[in-house]
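First the structure, in the form of structure tokens, and then the observations on it.
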Amino acid sequence: MNADMTTKKPHRGIYLLPNLFTTAALFCGFYAIVSSINGKFEIAAIAIFVAMVLDGIDGRVARLTNTQSDFGAEFDSLADMVSFGLAPALVMYLWTLSSFGKIGWLVSFVYVVCAALRLARFNTQATTSDKNYFQGLASPAAAAIVAGLIWNGPLIKEYLSLPALEIVALVTTLIAGLLMVSNVRYHSFKGINWRSKVPFATILMIVLALVFVSAAPEQLLFGIFFIYALSGPVMTLILLRRRRAERALNKQQDKAD
62 MNADMTTKKP
72 HRGIYLLPNL
82 FTTAALFCGF
92 YAIVSSINGK
102 FEIAAIAIFV
112 AMVLDGIDGR
122 VARLTNTQSD
132 FGAEFDSLAD
142 MVSFGLAPAL
152 VMYLWTLSSF
162 GKIGWLVSFV
172 YVVCAALRLA
182 RFNTQATTSD
192 KNYFQGLASP
202 AAAAIVAGLI
212 WNGPLIKEYL
222 SLPALEIVAL
232 VTTLIAGLLM
242 VSNVRYHSFK
252 GINWRSKVPF
262 ATILMIVLAL
272 VFVSAAPEQL
282 LFGIFFIYAL
292 SGPVMTLILL
302 RRRRAERALN
312 KQQDKAD
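In this text, residue positions in the sequence shown follow the numbering used here: the first is 62, and each later residue adds one.
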């Protein structure tokens, strides 16, 4: 038989199911930008949160259906850049940072660059880094803080003046961007075994949590991600203090010997 006939041609095409979720997440990011241009900032913020949900589903669907691919990984990264990098920065700029003029769009640009660097670093360290921790704040979590602030805008305006809110928005956007490229470690929750059995009370707690979130989603979601963003620096400071204490103890033991 001819060798050319026995050589198998590489399979062409892409897996449909996981890439559909990725495309939907990309659509939500684009829709958030369009909504903000039309002045519908709360809808834009909600669209970013929906993109987060879809982004969390596509990878799990790919693993459950054994449809992982290099194409899917690259497509997911590009979609994340739009939904969690470009969209939050533009929505925030149009919402309030535009009032700062040049400083406003520079801060938005810094956020976009930090998101791009965060995604590039994650892609290059995906096979070598500890799966239980992220190095730097994940781009979806950073986007949730920015979008959550916008979503809670009407409530915050009841307690803060407009100039104060603008400063809070500027500082929040800048800090969220810098945390993405920091060396601060964040728990990834990838070590959780979703297939294991859990007590009945755990299911009840999950249901109650969903009820609380549905009662005031904009406040609770923003609070959850804000606490998560703080957990990294707090955990890092605790580890640094623990290491310093261990070094001091070792020096004392060496002197005693």
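The C-beta atom is built at its ideal place from N, Cα and C for all residues, glycine as well.
No experiment lies behind these values; they were computed from the predicted model shown.
For residue i, which of the options has the nearest alpha-carbon?
i: L77; options: L223, T126, A276; result: T126
i: A205; options: L281, L271, V122; result: L281
i: L231; options: I211, V242, F195, F110; result: I211
i: I98; options: I285, A148, M266; result: A148
i: D116; options: D131, S292, M142, F283; result: M142
How far does the alpha helix (DSSP H) with residue i in it reach, from first residue to last?
i: F250; result: Here F250 belongs to no alpha helix (DSSP H), and DSSP marks it neither H nor E.
i: G120; result: 102-125
i: S169; result: 163-185
i: I75; result: That residue, I75, is in no alpha helix (DSSP H); it is neither H nor E in DSSP.
i: V143; result: From DSSP, V143 is part of no alpha helix (DSSP H); its letter is neither H nor E.
i: A321; result: For residue 321 there is no data in the structure shown, the boundaries of the chain being 62 and 318.
i: L155; result: 148-156
Hey, quick one: how far does the beta strand (DSSP E) through residue i stretch, first residue to last?
i: Y194; result: 194-196
Is residue i near residue j, with beta carbons less than 9 angstroms apart?
i: L269; j: A237; result: no
i: V168; j: G146; result: no
i: S243; j: Y194; result: no
i: T83; j: D119; result: yes
i: S96; j: A105; result: yes
i: A208; j: A290; result: no
i: S160; j: E103; result: no
i: V171; j: A93; result: no
i: G90; j: A150; result: no
i: S162; j: N80; result: In the sequence as presented, Ser is not what sits at residue 162; that position holds Gly. Their beta carbons are not under 9 angstroms apart, which means G162 does not touch N80 by this criterion.
How about residue i: is its Cβ closer than 8 angstroms to a heavy atom in the ligand HEM?
i: W212; result: Looking for the ligand HEM in the displayed structure turns up nothing, as the structure carries no ligands at all.
Start-end ranges of the alpha helix (DSSP H) lying completely within the stretch 212-286, minimum 4 residues: 214-217, 223-241, 261-276
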